[in-house]
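Colleague: The UniProt record's numbering puts the first residue of the sequence shown at 8, with every later residue one more than the last. Even for Gly, the Cβ is constructed at its ideal location relative to N, Cα and C.
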Amino acid sequence: VPLMERPHFVLVPQMAQGHTIPMIDMAYILAGHGAVVTFVTTPRNAARLESIIQHARDSQLPIKFLPLPFKGTEVGLPEGCESVDSLPLGLKQLSTFVEASLQLQDPLISYLRENGPPPNCVISDMTHPWTGAVAREFGVPRLSFIGFSAFSSLVRHLINIHKVYDNVVDDFEPVPIPGFPHPLELPKTRSTLSFYASGERIFNMVKEEESKNIGVIVNTFQDLEPMYIKSYENTIDKKVWPIGPMCIFNKDMKPVASRGEKASIDVDRCLRWLDSMPNRSVIYVSFGSLVRSMPLQLIEIGLGLEASKKPFIWVIKAGERMSEIEQWLLEENFEERVKDRGLIIRGWAPQVLILSHNAIGGFMTHCGWNSTIEGICTGVPMLTWPHFAEQFLNEVLVVDILKIGLRIGVMSSVTWGSEKSDEVKVKRNEVEKKVLELLSEEKEGLERRLKASELGKMAKMAMEKGGSSYNNIEFLIHEIQERMQGNKDKVQT
Ligand code: UDP
Numbered sequence: 008v009p010l011m012e013r014p015h016f017v018l019v020p021q022m023a024q025g026h027t028i029p030m031i032d033m034a035y036i037l038a039g040h041g042a043v044v045t046f047v048t049t050p051r052n053a054a055r056l057e058s059i060i061q062h063a064r065d066s067q068l069p070i071k072f073l074p075l076p077f078k079g080t081e082v083g084l085p086e087g088c089e090s091v092d093s094l095p096l097g098l099k100q101l102s103t104f105v106e107a108s109l110q111l112q113d114p115l116i117s118y119l120r121e122n123g124p125p126p127n128c129v130i131s132d133m134t135h136p137w138t139g140a141v142a143r144e145f146g147v148p149r150l151s152f153i154g155f156s157a158f159s160s161l162v163r164h165l166i167n168i169h170k171v172y173d174n175v176v177d178d179f180e181p182v183p184i185p186g187f188p189h190p191l192e193l194p195k196t197r198s199t200l201s202f203y204a205s206g207e208r209i210f211n212m213v214k215e216e217e218s219k220n221i222g223v224i225v226n227t228f229q230d231l232e233p234m235y236i237k238s239y240e241n242t243i244d245k246k247v248w249p250i251g252p253m254c255i256f257n258k259d260m261k262p263v264a265s266r267g268e269k270a271s272i273d274v275d276r277c278l279r280w281l282d283s284m285p286n287r288s289v290i291y292v293s294f295g296s297l298v299r300s301m302p303l304q305l306i307e308i309g310l311g312l313e314a315s316k317k318p319f320i321w322v323i324k325a326g327e328r329m330s331e332i333e334q335w336l337l338e339e340n341f342e343e344r345v346k347d348r349g350l351i352i353r354g355w356a357p358q359v360l361i362l363s364h365n366a367i368g369g370f371m372t373h374c375g376w377n378s379t380i381e382g383i384c385t386g387v388p389m390l391t392w393p394h395f396a397e398q399f400l401n402e403v404l405v406v407d408i409l410k411i412g413l414r415i416g417v418m419s420s421v422t423w424g425s426e427k428s429d430e431v432k433v434k435r436n437e438v439e440k441k442v443l444e445l446l447s448e449e450k451e452g453l454e455r456r457l458k459a460s461e462l463g464k465m466a467k468m469a470m471e472k473g474g475s476s477y478n479n480i481e482f483l484i485h486e487i488q489e490r491m492q493g494n495k496d497k498v499q500t
C-alpha cells in the first residue's frame with residue numbers, strides 16, 4: 008500500500024524515559040503492522056534517543072521522529088530543560104512540565120498542516136491533554152496511553168472518581184477501593200500518583216480529554232489481567248486496547264541492544280559475561296531511570312549481594328552522589344572482591360537484553376510498569392522494592408495476585424520527589440536473605456519460577472501472529488482505516 012494511503016498515527020509521549028520507551032515500541036509495532044508513524048519528541052530527547060532512532064532508520068520502517076522545540080523558558084522551566092527526568096523532580100515540577108508542554112500544540116499543528124500525509128489518529132500520553140485539540144483540528148480520533156497496568160489504571164480511575172482519600176486523615180490507613188472487582192484496601196501512601204496532585208487545572212484538562220477519547224491503549228495482554236481489563240473498560244465506558252507487552256516488538260521477537268539511552272557497557276561483554284554463568288543463577292538489580300539511590304542504601308545492597316554468594320548484575324544510579332559510591336567501591340576493593348560473579352553497570356543498562364538471557368534467575372526491581380512487564384515477558388521472578396507512584400500497585404499485582412515475586416523493601420533513600428534521607432530501609436542481611444529465597448530451589452521458589460515462566464510464554468504468544476495483542480493491533484488499525492474511509496465518503500457526498 009502506498010505510504011499516502013496507509014493510516015498515519017501521531018504519537019506524543021511524555022518526555023521521560025519510562026513513558027517514551029514504550030511509545031517507541033508502539034511506533035515499531037504500528038509500523039510493523041503497516042501504519043505510518045510520526046513520533047513527537049523534543050531536540051534534547053531526540054539526542055538522547057539517538058541509538059533507537061538510528062535503529063528505526065536502519066530498519067527502514069516508516070517512522071519519523073519529529074523534534075519540536077519549546078518556545079522559551081517563560082513558563083518557568085529551567086533553561087534548556089525539556090524533559091521530565093532532567094528536572095530535580097517533585098510533583099510541582101511535574102505539573103510545571105505538563106503546563107510547559109502545552110506549548111507544543113501550535114508547532115505540532117503547523118507541522119502537520121504543512122507536511123503530509125495528514126494524521127488519521129493521535130495517540131497521546133495521558134499527561135498531554137493539549138493533543139485533544141490537535142486531533143480535533145484534523146477531525147481525527149485521539150486515544151490515550153497511560154503506561155500503567157490495567158490493574159493500576161483501574162485503581163487510579165476509581166480513586167479519582169470516588170475521591171477515595173479526600174476525607175482520610177491518616178495517610179497510612181488502608182482504605183477500601185469502591186467498585187474494584189474484589190476487596191482491595193490501600194493506604195494513600197501506597198496508592199497511585201493522582202493528577203489531583205499536579206493541580207486542579209491540569210487535572211481537569213486531563214479528565215476532560217480522557218472523556219473525549221475513543222479509547223485507551225494499555226501495555227499489557229489479555230491473559231495477564233483479564234478481570235482488570237474488563238472492569239477498567241466497564242468503568243471508563245470506553246474501549247481498552249491491550250497491545251503488549253510492547254517490549255517484544257520486532258518481528259523475530261528478539262530484544263534490541265539499546266532501548267532509550269545508549270548502554271553504558273559494551274553489550275557483547277555483558278552478553279559474554281552472562282553466557283559464562285549457569286542458567287537461572289544471576290540476580291539483576293536495577294531501579295529504572297528516575298530513582299537515584301542514596302549511598303548508604305547502595306552500600307547495603309552491595310554487601311547483601313556479596314554475602315548471598317550468587318552472581319549478580321548491579322545497575323548503579325546515584326546521581327550527584329555517585330562519587331561517594333565510587334569512593335566506597337574503591338576503598339573496599341569491592342569489584343575485585345566479587346570479580347568472579349559480580350558485574351556493575353554505572354549508568355544505563357541494556358535491560359531487556361539482560362532480562363532475556365537464560366542466566367537471569369531473578370530481578371530486584373522498583374516495579375516501574377515497564378520494568379515489571381519486561382520481567383513478566385522474560386519469565387523472571389522478582390524482588391519488589393517500589394519507590395513512588397503506581398509502583399506500589401504493581402507490587403501488589405506481582406506478589407499477591409500473579410504470585411511471581413517477593414517483597415523486599417518499600418521506598419528507600421531516593422532523591423526523586425522531596426525525600427533526601429540517608430536512612431537505610433533494607434539492611435544487607437535482608438538483601439542476602441531475600442536474594443537466596445527468590446533464587447531458591449525449594450518448593451515455593453520453584454513454583455514462583457514456573458509461574459513466571461508460564462506468564463513469559465503467554466506474553467510472547469500474545470504478541471505472535473494470531474495472539475490477543477497482535478489481533479488487537481490489527482483491529483485498531485482496521486478501525487482507524489474504517490474511519491478514514493468514512494471521512495472520505497463524507498467529503499465525497
Ligand atoms: N531502562 C534501561 N536501562 C536502565 C534503566 C532503565 O533499559 O539502566 C529501561 C527499562 O528497561 C524500562 C525503562 O527504562 O523500559 C524504565 O521504565 P520503568 O517504568 O520501569 O521505570 P521508570 O524509569 O519510569 O521509573
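Drop a sphere of 10 angstroms on the beta-carbon of Ser420, count the other beta-carbons inside from all chains shown, and report buried for 16 or more, exposed for fewer.
Modeller: Here residue 420 refers to the residue found at position 413 when the sequence shown is read from its first residue. Here the model assigns Ser420 a pLDDT of 45, short of 50, so the residue's position is not dependable and the matter cannot be decided.
Colleague: Under 6 Å from any heavy atom of the ligand HEM, by CB: list those residues in chain order, please.
Modeller: Inclusion of the ligand HEM in the displayed structure is not the case, the ligand content consisting of the ligand UDP alone.
Colleague: Over the uninterrupted beta strand (DSSP E) stretch that includes Ser460, give me the two end residues.
Modeller: The residue given as residue 460 occupies position 453 in the sequence shown. First-last for Ser460: 450 to 470, but that is the alpha helix (DSSP H), not the beta strand (DSSP E).
Colleague: Going by beta carbon distance, what residues of the same chain come within less than 6 Å of Asn127, once the five residues before and after it are set aside?
Modeller: Here residue 127 corresponds to residue number 120 of the sequence shown, with the count starting at 1. Correct list, in chain order: Pro14, His15, Val147, Ile487, Met491.
Colleague: Going by alpha carbons, who is nearest to Ile209 out of Val182, Arg266, Arg149, Thr134?
Modeller: In the sequence shown, residue 209 corresponds to position 202, counting from 1. Ranking Val182, Arg266, Arg149, Thr134 by Cα distance to Ile209 puts Thr134 first.
Colleague: Tell me, which residues are paired with Arg353 by DSSP?
Modeller: Numbered from its first residue, the sequence shown carries residue 353 at position 346. The partner list for Arg353 (beta bridge, DSSP) reads Ile323.
Colleague: Kindly indicate the opening and closing residues of the alpha helix (DSSP H) around Met33.
Modeller: By one-based count along the sequence shown, residue 33 stands at place 26. Note, Met33: alpha helix (DSSP H), 24 to 39.
Colleague: Quick one: is Asp347 buried, meaning 16 or more other Cβ sit within 10 Å of its Cβ, or exposed?
Modeller: Along the sequence shown, read from residue 1 onward, the residue named residue 347 stands at position 340. Exposed: under 16 other Cβ atoms inside 10 Å.
Colleague: If you reduce the DSSP assignment to three classes, tell me which class Ser218 lands in.
Modeller: Counted from its first residue, the sequence shown places residue 218 at position 211. The answer is helix: DSSP assigns Ser218 an H, G or I state.
Colleague: Considering only C-alpha positions, which residue in the set Gly375, Asp113, Pro357, Glu180 is nearest to Ala140?
Modeller: Counted from its first residue, the sequence shown places residue 140 at position 133. Selected option, being the one with the closest Cα: Asp113.
Colleague: Our contact map puts Asn226 next to Ile380 with C-beta atoms below 8 Å; I'd like the distance itself, whole angstroms only.
Modeller: As a working mapping, residue 226 is identified with position 219 in the sequence shown. As a working mapping, residue 380 is identified with position 373 in the sequence shown. Confirmed, about 6 Å.
Colleague: With a threshold of 7 Å on Cβ separation, who are the neighbours of Ala34 within its own chain once the five nearest residues in sequence on each side are excluded?
Modeller: Counting from 1 along the sequence shown, the entry for residue 34 is found at position 27. Cβ neighbours of Ala34 beyond the five flanking positions: Leu18, Val44, Phe46, Ile70.
Colleague: Taking 8 Å as the limit between beta carbons, can you name the residues of its chain near Glu57, skipping five residues before and five after?
Modeller: Taking the sequence shown and counting its residues from 1, the one referred to as residue 57 is at position 50. These residues qualify, in order along the chain: Lys269.
Colleague: Taking DSSP's pairing of strands, which residues face Val223 in a bridge?
Modeller: The residue labelled residue 223 in the question sits at position 216 within the sequence shown. DSSP output for Val223 lists Ser151, Val247 as bridge partner(s).
Colleague: Which residue's Cα is closest to the Cα of Met11: Leu336, Ala42, Leu337?
Modeller: Counted from its first residue, the sequence shown places residue 11 at position 4. The option with the nearest alpha carbon to Met11 is Ala42.
Colleague: Report yes if the C-beta distance between Lys317 and Leu109 is below 8 Å; otherwise report no.
Modeller: Taking the first residue of the sequence shown as position 1, residue 317 is located at position 310. Taking the first residue of the sequence shown as position 1, residue 109 is located at position 102. Taking 8 Å as the Cβ cut-off, Lys317 and Leu109 do not qualify as a contacting pair.
Colleague: Would you kindly report the start and end of the unbroken beta strand (DSSP E) that includes Ile290?
Modeller: Locating residue 290 in the sequence shown gives position 283, where the first residue counts as 1. Here the beta strand (DSSP E) through Ile290 covers 289 to 293.
Colleague: Report all residues from its chain with a CB closer than 7 Å to the CB of Val406; omit the five preceding and five following residues, and keep chain order.
Modeller: As a working mapping, residue 406 is identified with position 399 in the sequence shown. Hits under 7 Å: Thr391, Gly412, Leu413, Arg414.
Colleague: To the nearest angstrom, report how far apart Gly186 and Tyr235 are at their CA atoms.
Modeller: Numbered from its first residue, the sequence shown carries residue 186 at position 179. Numbered from its first residue, the sequence shown carries residue 235 at position 228. Computed Cα separation, rounded: 11 Å.
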